[in-house]
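Visitor: First the structure, which I've put down as structure tokens, then a few questions once you've had a look.
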Amino acid sequence: MSEMADEVLRARAQSIEAVLSLLPMGVVLVGRGLRLQSANRMAHGLLGQRKGLMLDADRHLVATSSEANRMLQAHLGWAMDGATDPGAMARRSLRVQGVQGALHLGIAPLSAGKPDATLEAAVVAVFVSDPDAVLPALPDVLCQTYHLTRAEAQLTAALAQGLTLVEVAQQRGLSMNTVRTQLKSASAKVGVRRQADLVRVALSGAMVWGRTDALPGGGWPCQ
16 MSEMADEVLR ARAQSIEAVL SLLPMGVVLV GRGLRLQSAN RMAHGLLGQR KGLMLDADRH
76 LVATSSEANR MLQAHLGWAM DGATDPGAMA RRSLRVQGVQ GALHLGIAPL SAGKPDATLE
136 AAVVAVFVSD PDAVLPALPD VLCQTYHLTR AEAQLTAALA QGLTLVEVAQ QRGLSMNTVR
196 TQLKSASAKV GVRRQADLVR VALSGAMVWG RTDALPGGGW PCQ
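First residue of the sequence shown? That's 16 in our numbering, and the numbers climb one at a time after it.
Below you can see the structure in the form of structure tokens.
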């Protein structure tokens, strides 16, 4: 492979890692030969925690126990073949156990059909989650993701938990006018108009895209 082609692949990998760093889970992309092509920051952190998953000297993703590694390699091989069977699941799951805890893996092919032998790009995605991880509080994620104030984030989180505006006002000792003003401001920052849409975004958007690695100091702290 030429030096220019190598540089293009490195730049592409860096761009992919920047996007994947937004996800609140580890993501490992594997290429031909089942070698690591790219991984986000959270994945690198999880691989170094002695929780049953690591990279070997040749940058292969391996499980630390022989039985789990046998299953892992079988699942990776299935995904490498592109899951050509229409009846096959689009994703396989696996739990690996290590000295310091366990990790849950989701393994999926990135393209349909068997990959070309010359393909250099990643062809398998491995999603890594830690069941023991402490999730950030929803108001903190809302502050960072949408630049809400602490009051706006707390209101949005309360609505997402099923409270009404009246109940929020009563619990926080606020007037209805103040609560409605906070709701209007939070909705505008999120880019929605209806209260139901604000709740939907809080539940489906903030917790999925909200980054945990920058809180509390590196992101947009609640004001």
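Heads up, the beta-carbon is just placed ideally off N, CA and C, and yes, glycines get one too. Everything numeric in this text was worked out from a predicted model, so none of it was measured.
For residue 205, tell me which candidate among 178, 188, 168 and 75 has the shortest Cα-Cα distance.
Guide: Sequence index remark: in the sequence shown, residue 205 carries index 190 (1-based). The candidate whose alpha carbon is nearest that of residue 205 is 168.
Visitor: Checking 8 Å against the spacing of the C-beta atoms, do residue 210 and residue 178 come in under that value?
Guide: Taking the sequence shown and counting its residues from 1, the one referred to as residue 210 is at position 195. Taking the sequence shown and counting its residues from 1, the one referred to as residue 178 is at position 163. No; because the gap between Cβ atoms is not below 8 Å, this pair is not in contact.
Visitor: Could you round the C-beta distance between residue 6 and residue 51 to whole angstroms and report it? I think they count as a contact, below 8 Å.
Guide: The question about residue 6 has no answer, for the chain in this structure spans 16 to 238.
Visitor: Where does residue 43 fall in DSSP's three states?
Guide: Translated into positions along the sequence shown, residue 43 becomes position 28. In this structure, residue 43 counts as strand in the three-state DSSP scheme.
Visitor: With distances taken between CB atoms, is the gap from residue 45 to residue 181 smaller than 8 Å?
Guide: One-based indexing of the sequence shown puts residue 45 at position 30. One-based indexing of the sequence shown puts residue 181 at position 166. Not a contact, by the Cβ cut-off of 8 Å.
Visitor: Under 8 Å between the Cβ atoms of residue 115 and residue 56?
Guide: For the purposes of this step, residue 115 is taken as residue 100 along the sequence shown, with counting starting at 1. For the purposes of this step, residue 56 is taken as residue 41 along the sequence shown, with counting starting at 1. Their beta carbons are not under 8 Å apart, which means residue 115 does not touch residue 56 by this criterion.
Visitor: For residue 111, which residues from the same chain have a beta carbon less than 6 Å from its beta carbon, with the 5 sequence-adjacent residues on both sides left out?
Guide: Residue numbering aside, residue 111 sits at position 96 when the sequence shown is read from its first letter. So the list reads 67, 68, 78, 83 and 118, once near-sequence residues are dropped.
Visitor: In the DSSP assignment, the alpha helix (DSSP H) including residue 90 goes from what residue to what residue?
Guide: Against the sequence shown, residue 90 aligns to sequence position 75. Annotation: the continuous alpha helix (DSSP H) that includes residue 90 extends over 81 to 95.
Visitor: Using beta-carbon positions only, say whether residue 239 and residue 191 come within less than 8 Å of one another.
Guide: Residue 239 lies beyond the range of the chain shown here (16 to 238); nothing can be said about it.
Visitor: For my contact list, residue 125 and residue 139 are in at a C-beta cut-off of 8 Å; report their separation, rounded to the angstrom.
Guide: Here residue 125 refers to the residue found at position 110 of the sequence shown. Here residue 139 refers to the residue found at position 124 of the sequence shown. Confirmed, Cβ separation roughly 6 Å.
Visitor: One question on the structure: do residue 166 and residue 197 come within less than 8 Å of each other, judged by their Cβ atoms?
Guide: Within the sequence shown, numbered from 1, the residue matching residue 166 stands at position 151. Within the sequence shown, numbered from 1, the residue matching residue 197 stands at position 182. Result yes, Cβ atoms of residue 166 and residue 197 sit closer than 8 Å.
Visitor: According to DSSP, residue 162 sits in a beta bridge with which residue or residues?
Guide: Here residue 162 refers to the residue found at position 147 when the sequence shown is read from its first residue. Under DSSP, no beta-bridge partner is assigned to residue 162.
Visitor: Check the DSSP bridge columns for residue 111 and list the partner residues they point to.
Guide: As a first step, residue 111 must be located in the sequence shown, where it is residue number 96. Residue 111 is bridged to 118.
Visitor: Spell out the partners DSSP gives residue 74 in its beta bridges.
Guide: The residue labelled residue 74 in the question sits at position 59 within the sequence shown. Bridge partners of residue 74: none, in fact.
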